[in-house]
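195 is the number that numbering that gives the first Met the number 0 gives the last residue of the sequence shown; the numbers go up by one with no jumps.
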Amino acid sequence: MKSTRRGFLAALLTAGGARTLLAQEPSGGDSLSADPLRQPWNVGIQRDTVGVLDNDPVVIAIERRLRCTCGCTLDMYTCRTTDFTCTYSPELHREVVAMIEAGKTPEEIIAFYVERDGEAVLMAPPAEGFNIAGYLVPGLVIATVGLGLGAYLSRRRDVESGSDVAAGRDAAAAEAAAPDAEAAERLRRALDEVES
């Protein structure tokens, strides 16, 4: 069998890799204690295992309508699935799941949170009463500013085009008022006669 440089390097790396892997194996046979990423309690807060209702579309829809109370301004679902240091959103999630398991409807769950924490817990307040102003005023302000800006630019364009017409009229009047060569010669002779 012919030995090549590549074959030799492959055998050397394989033997070195196996030796490295064996050195990482913990003594005592407990392979989990060597890897802190397999033990969430070593890294941070231990999370519950995922249940059937954790990713249920109804639960997610409810949590997306409710604000997390930790102060992050995210909805419950986004907070619990992205901010793993938050201790509020997992507890709120467990409350929502418990209410779903108890047979409450999504509207009843949202009403419970609104009653307990006020309308501030909603991601979008209901469009009734004074809240309608929050929905309508920004659009009306933008439309009014847009119309005002359009009117101003239109008026400015008319003024500029009017000044161009006036400038053209003035140029035509200046040309008409400018004497031709014969008239200039007559004027010069008349001035010469007056001076003499």
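Ideal Cβ positions, reconstructed from N, Cα and C, are used throughout, including at glycine.
Predicted model only: the values in this text are computed from it and were never measured.
When the beta-carbon positions are compared, T68 and Y87 come within less than 7 Å of each other.
Distance between Y76 and E106, taken at the CA atoms: about 17 Å. Residue state for D74 is assigned as strand, using DSSP reduced to three classes. Cβ-Cβ separation between R66 and L121: approximately 7 Å, consistent with a contact (criterion under 8 Å). In this structure, the beta-carbon distance from I108 to M98 falls below 7 Å. Comparing alpha-carbon positions, the option among T81, G50 and A119 lying closest to V95 turns out to be G50. Scanning its chain for C-beta atoms nearer than 8 Å, with the 5 sequence neighbours on each side dropped, one finds no residue around S160. Within a 10 Å sphere around the beta-carbon of L190 sit fewer than 16 other beta-carbons, which makes this residue exposed. In the structure shown, L121 falls within a strand segment according to DSSP collapsed to helix, strand and coil. Judged by DSSP in its simplified three-state form, L146 adopts helix. Taking 7 Å as the cut-off, the beta carbon of Y134 is found no closer than this to the beta carbon of A123. Around the CB of V193, fewer than 16 other CB atoms lie within 10 Å, so the residue is classed as exposed. In the three-state DSSP reduction, L12 falls in the helix class (H, G or I).
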